[in-house]
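Counting from 1, one number per residue, gives the positions in the sequence shown under our numbering.
For reference, the structure discussed in these notes is given below.
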Amino acid sequence: MGWVTGPVVYALIWWTLLFAVLPIGIRPQTRADPVSGWRGAPERPKLVRTALIVTLVSAVVWVGVWWVVQSPYLSFRHGWLALHGN
């Protein structure tokens, strides 16, 4: 993985995990709006905590992706995944 590909893959992993983790542990407001009944945004969204968790988990996932890309186990140039036919 190169200098450009690595950060791009990390950003993709981070955004994907953000939207996967964002609703975990969020509670809606207890009192609804008397007119519309809409409860709106969560009372305590805990966005900083969520961003830190997503950043740490993304780093672990990125290291796993980097290992798979760098390892000889999954290669499109050699082995059974290689394209044969010139």
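Just so it is clear, CB atoms sit at the ideal spot from N, CA and C, and this is done for glycine as well.
Setting aside the 5 residues that flank it on each side, A41 is surrounded in the same chain by Q29, each with a C-beta closer than 8 angstroms to its C-beta; the list follows chain order.
As the crow flies, the alpha-carbon of G79 is around 12 angstroms from that of S71.
One thing to note: Y10 has its Cβ no nearer than 7 angstroms to the Cβ of W66. Residue environment: V60 is assigned as exposed (fewer than 16 neighbouring CB atoms within 10 Å of its CB, all protein chains considered). Assigned with DSSP and collapsed to three states, I26 falls in coil, not helix or strand.
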